[in-house]
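Heads up, the thing below is written out as structure tokens.
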Amino acid sequence: MGHRLSKIYTRTGDAGTTGLGDGNRVSKNSLRIHTLGEVDEVNALVGLMLTEELPEAVGTLLTGVQHDLFDLGGEICIPGMQMITNRQVEALEEALDGFNEPLPPLKDFILPGGTRAAALAHLARTVCRRAERTLVALAAEEPVNDAPRQYLNRLSDLLFVLGRVLNRAGGRGDVLWQKGRNA
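When the letters of the sequence shown are read in order and numbered with our numbering, they come out as residues 40 to 222.
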């Protein structure tokens, strides 16, 4: 790959449109661009998580997730392209099973919090759910492959589990919801 970003501003988006990877221009307010932005936001939050002190296995996993999310963004940016496959979905499922297995079963709802790393995992989870909802809305209007939706669904589950894992790694337990605590 050459020097593709030698000039950061191009002025081509000044009129409210942006270019897709296939060369077509669309409104910056299009559902496709909203979806792309949501995925980008998840990726940025995963990057923020990676600035924390994390168990090595979590850091390695999240670095791979960032690359997958960039691929997912590429797939959204180029209509008809397929970059996320069932293999990436299955890899998340394997990671999810591995990280969840040693955790005690949940008997109560938990609140997002505990350690900073765990809170960031929960924040990334909520944004991932929003990205998934936006992708579902896009799929209702335009053809979208199934694997990206499945990937985001598994990733949000994984981020939930990582919140629990990171609390334990930080010497904390789950922050349990107490129904009617302030009633």
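Just so it is clear, CB atoms sit at the ideal spot from N, CA and C, and this is done for glycine as well. These numbers come from a predicted model, not from an experiment.
- Between L194 and A157 a beta carbon distance of about 16 Å is seen, past the 8 Å cut, so the two are scored as non-contacting.
- CA-to-CA, the gap between L174 and C116 works out to about 12 Å.
- The region 78-87 and the region 134-143 do not touch, with fewer than 3 CB-CB distances between them shorter than 8 Å.
- Contact check for G103 and L89: beta-carbon distance about 11 Å, past the 8 Å limit, so the pair fails to qualify.
- For the set L159, P118, S69 and R64, the Cα lying nearest the Cα of V183 is the one of P118.
- Classified as exposed, G137 has fewer than 16 neighbouring CB atoms from the shown chains inside 10 Å of its CB.
- Rounded to whole angstroms, Q105 and A83 show a C-alpha spacing of 8 Å.
- V81 is bridged by DSSP to nothing; it lacks a bridge partner.
- Closest option to R188, judged by alpha-carbon separation, among L108, V166, L177 and E171: E171.
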